[in-house]
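**Student:**
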Amino acid sequence: MQALLYCNLSTRTVSEQLTGSAFTWPKVVAGDHLTLSLRFAEKIDGQAIEVSRVLRRLRASVGRLDARPEQGGYRLKLGNEVAEEGVNLTSAIPWDASAAQMAEAFNGVPVLVSAYGNATVELVDASYLVRFANATAAVPMTVAENSLLPISFVRVIPVLFDGKWVHELRLIQAGAAFTTTYDRVVPPAPAITALQNGGEDGEIRWNEIQRLHVPPEFRGTYQLRRGFKKSGLLSREDGAEEIAAAIEALADEDGEFVVTNPASNTAHIEFAGSMEGTNQALIEVSVFDAPEGDVTFTLSLNTPELRSLMREADPKTGELKLPFEVEVTFEDEFTPEVLHPLAVIRTELTLVNELIWEELATAQNIDWLRPPLPKDYIPFTLDQIATGIPYYHTALGNGSATAFVIDHNLNTEAVHVALRENSPGGRLLAIPDDYGLAIEGANSVTITLASGTAPPAAGALAVAILGGSPVAAFNIHGHTIAQIENLQLILDQLGAAVSDLQSLVPQGRLTTEAGDPSGPIAQWTLPVFLDLYPTRQTVTGEIQTLADITPARLAALDIRDGGLLPAVHAATVEPLPVLVDFNASFKGKVYQNQTSAAIRIPGGKGRRSMDVQPGEWASFDGRVWYKVQRFGTETSFYPADFNRERFTIAVNDKQLRLKKVFELKFGFECAILTNRLTSQAEFANSIFNTEAQWQLVLEWGEFSQENTPAITGSNFKDINWNPSPILTHRFFVTHTAAVHTFGCRISRSAANVLTCSRLLYGGEEGGASCPASANFAIRARLLRFDTRDNVSDPRGLVALLGLNRDIVSNESGGGELGTASIR
């Protein structure tokens, strides 16, 4: 029996879980080993908390509790001299001696009487209280002979009482099983094994796959190492995604790990990318931190004392109940020299007589033409070739025997026996000078050493018995795929390659990449524009940068400033009136069209009147009514006029093939312009002056189609945009023009794994939200426009120039910006 138990030091209970119910002890077979691992807990503030204690000693015992022997007797030796018959030995004392018999035994020892005087004995509660008339010190007593059954001790406890020595003799049955040996044992550490060695055969490659097993009982943290690189800390709770993220840095350049979780506590790590098709050294596992080991001890239930007690087991059930106790001694938490013994386990074990013992054996009827029982998953066929011959070998000797019966179970009398000395260069013994051999049947032989030969020590001789092998014959035979090393991997790779080719040539023609294979295989050009909000007029003439649009130029073109709109923050929403008013009481609130028809709100500040559809929101800032939009359950509502979608790109898996990268880069210049003053410095103190915020959101989505009524043809229903964008960035818009650059990279590996990184101002950040497949859409939007608070009448023109505006030049069209490509 093996078990891991929590011992609660506060409640003196034992459980399998820290907060579980009491442990139910199973029936234990006498002759087995009882191995227990202990952890300790205390009840603190009503909660069971695991605690650590310094352990000085452990004792575990199974046996009767303060029980007397039931037959036999014993003799005592008195004094410290060597035992001598008729001098210092008592006569035999029966197990159930009376007080008078005990006194007679003591007074029959001449040395004792002359030294200590006559003995008087009193029998009290199964203890003999012995007093010597002239004793001024404790009388040394030891057991000289002991035939008590069940096996018992004679405990002698001298006590000075009322100025006189009293010797208590008490007969106590010995513990049936006892141990004081224990160890601190830690659970097994995580381990890496090779499941599939990477390799190649011509152009066919298969990847290395290694298996990480984290034992469920492991409680610490560990790291994975490859060469001089190491992962972050991992624990038993981490799954495939956490492991993949932790070991990402261990991969070779352009390599990647594909981690899957096929079974509990197991992860498969595949070496892909630049590491594919090569045999890899095993990743190393190192335990970084772990709790101290569990207090573990083994109590053998295969003892003469226990076998003696088991004779009293119930004849029908073979069961016997015996007390079981485990006592530990702890150091005091504050004063280490103070020790606290504590019985952490005290229960009753039900022991059962064993049904199988060492002497049992059976002769196996082996049919050498019968398929073997499976020990692995490589298939067996009857026409395979058998190699080798059946044999049996073992060591002989026990220090007393010179004849040995050997059950070899080879099922044949056609055997050859070789006996030798079991040592390096040991001599080969011969018949009949050294030993005799008798074949007792098809499964047993007897070896008898020559007369006068000393019994060999344990393991001093070694015997090998060879049986007649099956008759050799050549049969036409075949092999299954699994019996040939790496054949299944090669066929799988070939099959996958053929499937890919078939998907590429539906009309029976192969396609190849035309032109430069390192060049782009797909490309998109993003729109180039100059936008001014809010105005319906356009700026004519050549525009290189926003600095070319001066206040004088705007005045000459009669382009007036428009009203810029703030966001509104409201915890409650009111119904939108059918006839809106410009009353000040409407200012700063959010209204929703809760009717079934559209409600028109008037325009102003550079914008036309518009309809608010059912369910939409509107607000009034004291100057103008305008539509607003909220995101999720936020209490902020942003002006919908400034929500702008700049582009949408569609990508498919024929464009973004395996080992290809989709790259998107764009930039724009942004500022708040005005035509009111020729000097921006003068405008700074105007009631119209404001700055603003905007937010760029780069999102990916999946194309959907209508599937009802079945069966529909190919169609386009919608784009489902993922709620986790690739990139979200807030920037501020001032009267000074600034260039902002963004983008993303989406890679599709050879193992068909997509990863995404975001690009911001020339930097790259990994771990971005990534499409689930190579068929996706990407769009860029400007959202969450808001002006500075406490500006009573914010005005101006928000200008955007892009999407190919670069920061390295004063001209638009700088390099790759404003494009998307796949290479």
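Here the working numbering is used: the first residue of the sequence shown is 327, the next is one more, and so on.
Backbone N, C-alpha and C define an ideal beta-carbon position, used for all residues, glycine too.
Since the model is a prediction, treat every value here as computed from it, not as a measurement.
Please report the straight-line C-alpha distance between residue 835 and residue 984, rounded to a whole angstrom.
**Tutor:** To locate residue 835, count along the sequence shown from 1; it is residue 509. To locate residue 984, count along the sequence shown from 1; it is residue 658. Note that residue 835 scores 49 on pLDDT, short of 50, meaning its location in the model is unreliable and no value can be drawn from it.
**Student:** Secondary structure at residue 631, three-state DSSP: helix, strand or coil?
**Tutor:** Position 305 of the sequence shown, counting from 1, holds the residue named residue 631. Helix at residue 631.
**Student:** According to DSSP, simplified to helix, strand and coil, what is residue 567?
**Tutor:** Position 241 of the sequence shown, counted from the start, is the residue given in the question as residue 567. Here residue 567 sits in helix by DSSP.
**Student:** Within 10 angstroms of its Cβ, does residue 715 collect 16 or more other Cβ (buried), or is it exposed?
**Tutor:** Along the sequence shown, read from residue 1 onward, the residue named residue 715 stands at position 389. Counting Cβ neighbours within 10 Å, residue 715 comes out exposed, since fewer than 16 surround it.
**Student:** Just mark residue 1068 as buried or exposed, buried being the case when its beta carbon has 16 or more other beta carbons within 10 Å.
**Tutor:** Along the sequence shown, one-based indexing puts residue 1068 at 742. Buried: at least 16 other Cβ atoms inside 10 Å.
**Student:** Helix, strand or coil: which one does DSSP assign to residue 336?
**Tutor:** Position 10 of the sequence shown, counting from 1, holds the residue named residue 336. In the structure shown, residue 336 sits in coil (DSSP, three-state: anything other than H, G, I, E or B).
**Student:** In whole angstroms, what separates the C-alpha of residue 928 from that of residue 851?
**Tutor:** By one-based count along the sequence shown, residue 928 stands at place 602. By one-based count along the sequence shown, residue 851 stands at place 525. So the two alpha carbons sit approximately 38 Å from each other.
**Student:** Going by other Cβ atoms of all chains shown within 10 Å of its Cβ, with 16 needed for buried, is residue 1137 buried or exposed?
**Tutor:** For the purposes of this step, residue 1137 is taken as residue 811 along the sequence shown, with counting starting at 1. The predicted model places residue 1137 with a pLDDT of 43, which falls under 50 and marks its position as unreliable; any figure quoted below should be read in that light. With fewer than 16 Cβ atoms within 10 Å of its Cβ, residue 1137 is classed as exposed.
**Student:** State the start and end residues of the unbroken beta strand (DSSP E) segment that holds residue 672.
**Tutor:** Numbered from 1 along the sequence shown, position 346 holds the residue referred to as residue 672. First-last of the beta strand (DSSP E) with residue 672: 665–678.
**Student:** Is it buried or exposed, residue 734, if we count other Cβ atoms within 10 angstroms and call 16 or more buried?
**Tutor:** Position 408 of the sequence shown holds residue 734. Residue 734 comes out buried.
**Student:** At which residues does the alpha helix (DSSP H) containing residue 438 begin and terminate?
**Tutor:** Residue 438 sits at position 112 when you count from the first residue of the sequence shown. Boundaries of the alpha helix (DSSP H) harbouring residue 438: 436–442, taken from the DSSP string.
**Student:** Which residues does DSSP list as the beta-bridge partners of residue 424?
**Tutor:** Residue 424 sits at position 98 when you count from the first residue of the sequence shown. Answer is none; residue 424 lacks a bridge partner.
**Student:** Using only the alpha-carbon positions, how far apart do residue 628 and residue 569 sit?
**Tutor:** The count along the sequence shown starts at 1 and reaches residue 628 at position 302. The count along the sequence shown starts at 1 and reaches residue 569 at position 243. Going by the C-alpha atoms only, they are around 46 Å apart.
**Student:** For the putative contact between residue 386 and residue 623, defined by C-beta atoms under 8 Å, what is the C-beta separation to the nearest angstrom?
**Tutor:** Translated into the one-based positions of the sequence shown, residue 386 becomes position 60. Translated into the one-based positions of the sequence shown, residue 623 becomes position 297. That pair is a contact at about 6 Å.
**Student:** Do you know offhand how far residue 959's Cα is from residue 1111's?
**Tutor:** To locate residue 959, count along the sequence shown from 1; it is residue 633. To locate residue 1111, count along the sequence shown from 1; it is residue 785. Each residue's Cα considered, the two are about 18 Å apart.
**Student:** Determine the closest residue to residue 478 out of 389, 966, 1079, with distance taken between C-alpha atoms.
**Tutor:** The residue you call residue 478 lines up with position 152 of the sequence shown. Here the closest residue by C-alpha is 389.
**Student:** So, with DSSP's three-state summary, where would you put residue 533?
**Tutor:** In the sequence shown, the residue the question calls residue 533 occupies position 207. Residue 533 falls in the coil class under three-state DSSP.
**Student:** Starting from residue 1115, follow its DSSP beta bridges and name the residues at the other end.
**Tutor:** Start at 1 with the first residue of the sequence shown, and residue 1115 comes out as number 789. Looking at the DSSP output, residue 1115 sits in no beta bridge, so it has no partner there.
**Student:** Let's test the definition: count the other Cβ atoms within 10 Å of the Cβ of residue 978 and tell me whether it reaches 16, buried, or not, exposed.
**Tutor:** Here residue 978 corresponds to residue number 652 of the sequence shown, with the count starting at 1. So residue 978 counts as exposed.
**Student:** Going residue by residue through the stretch 455–479, where are the continuous beta strand (DSSP E) segments of at least 3 residues, counting only ones entirely within it?
**Tutor:** 467–472
**Student:** Which value, in whole angstroms, describes the spacing of the CA atoms of residue 848 and residue 1147?
**Tutor:** Taking the sequence shown and counting its residues from 1, one reaches residue 848 at position 522. Taking the sequence shown and counting its residues from 1, one reaches residue 1147 at position 821. So the alpha carbons of these two residues sit roughly 5 Å apart.
**Student:** To the nearest angstrom, how far is it from the Cα of residue 909 to the Cα of residue 948?
**Tutor:** Here the question's residue 909 lines up with position 583 in the sequence shown. Here the question's residue 948 lines up with position 622 in the sequence shown. When rounded, the distance between both Cα atoms is 8 Å.
**Student:** Please state whether DSSP places residue 900 in a helix, a strand or coil.
**Tutor:** Residue mapping note: residue 900 aligns to position 574 of the sequence shown, counting from 1. Annotated three-state conformation of residue 900 is strand, per DSSP.
**Student:** Use the C-beta contact count for residue 1132: other C-beta atoms within 10 angstroms, 16 or more gives buried, fewer gives exposed.
**Tutor:** Along the sequence shown, one-based indexing puts residue 1132 at 806. Buried is the call here.
**Student:** Name, in chain order, the residues that DSSP records as bridge partners for residue 1026.
**Tutor:** Looking up residue 1026 in the sequence shown gives position 700. Residue 1026 pairs with 1104.
**Student:** Looking at C-beta atoms only, is the number of pairs between the stretch 647–667 and the stretch 403–412 that lie closer than 8 Å three or more?
**Tutor:** Not touching, per the Cβ criterion.
**Student:** According to DSSP, is residue 598 part of a helix, a strand, or is it coil?
**Tutor:** Sequence index remark: in the sequence shown, residue 598 carries index 272 (1-based). Reduced to three states, the DSSP call for residue 598 is strand.
**Student:** Would you kindly report the start and end of the unbroken alpha helix (DSSP H) that includes residue 879?
**Tutor:** In the sequence shown, the residue the question calls residue 879 occupies position 553. Segment 877–882, the alpha helix (DSSP H) holding residue 879.
**Student:** For residue 861 and residue 1072, I'd like the C-alpha separation in whole angstroms.
**Tutor:** Position 535 of the sequence shown, counted from the start, is the residue given in the question as residue 861. Position 746 of the sequence shown, counted from the start, is the residue given in the question as residue 1072. Taking C-alpha positions only, residue 861 is separated from residue 1072 by approximately 37 Å.
**Student:** With a CB to CB cut of under 6 Å and the five nearest residues on each side skipped, what residues in its chain are close to residue 380?
**Tutor:** Taking the sequence shown and counting its residues from 1, one reaches residue 380 at position 54. Closer than 6 Å at the Cβ level, and outside the excluded window around residue 380, lie 657.
**Student:** Enumerate in chain order the residues of its own chain whose CB-to-CB distance from residue 339 is below 7 Å, with the five nearest sequence positions on each side excluded.
**Tutor:** Residue mapping note: residue 339 aligns to position 13 of the sequence shown, counting from 1. Non-local C-beta neighbours of residue 339 in its own chain, meaning closer than 7 Å and more than five positions away in sequence, comprise 348, ordered along the chain.
**Student:** Write down the C-beta distance between residue 1129 and residue 992 rounded to the nearest angstrom, noting that I regard them as a contact closer than 8 Å.
**Tutor:** Within the sequence shown, numbered from 1, the residue matching residue 1129 stands at position 803. Within the sequence shown, numbered from 1, the residue matching residue 992 stands at position 666. Between residue 992 and residue 1129 the Cβ distance is about 4 Å, and since that is below 8 Å, they are a contact.
**Student:** CB-CB under 7 Å to residue 1001, same chain, minus the five flanking residues each way: which ones, in chain order?
**Tutor:** The residue given as residue 1001 occupies position 675 in the sequence shown. Only residues of its own chain outside the window of five on either side were considered, and among them 877, 880, 881, 885, 886, 887 have a CB closer than 7 Å to the CB of residue 1001, listed in chain order.
**Student:** Which residue comes first and which comes last in the beta strand (DSSP E) that contains residue 742?
**Tutor:** Indexing the sequence shown from 1 puts residue 742 at position 416. Start and end: 741–747.
**Student:** In chain order, what residues of the same chain have a beta carbon less than 8 Å from the beta carbon of residue 1119, not counting five sequence neighbours either side?
**Tutor:** Translated into positions along the sequence shown, residue 1119 becomes position 793. If we look at residue 1119 and ignore the five residues flanking it on each side, its Cβ neighbours are 889, 949, 1013, 1014.
**Student:** What residues in its chain sit with their C-beta under 6 Å from that of residue 1107, if we drop five residues either side in the sequence?
**Tutor:** Counting from 1 along the sequence shown, the entry for residue 1107 is found at position 781. Taken in chain order, the residues that qualify are 971, 1023.
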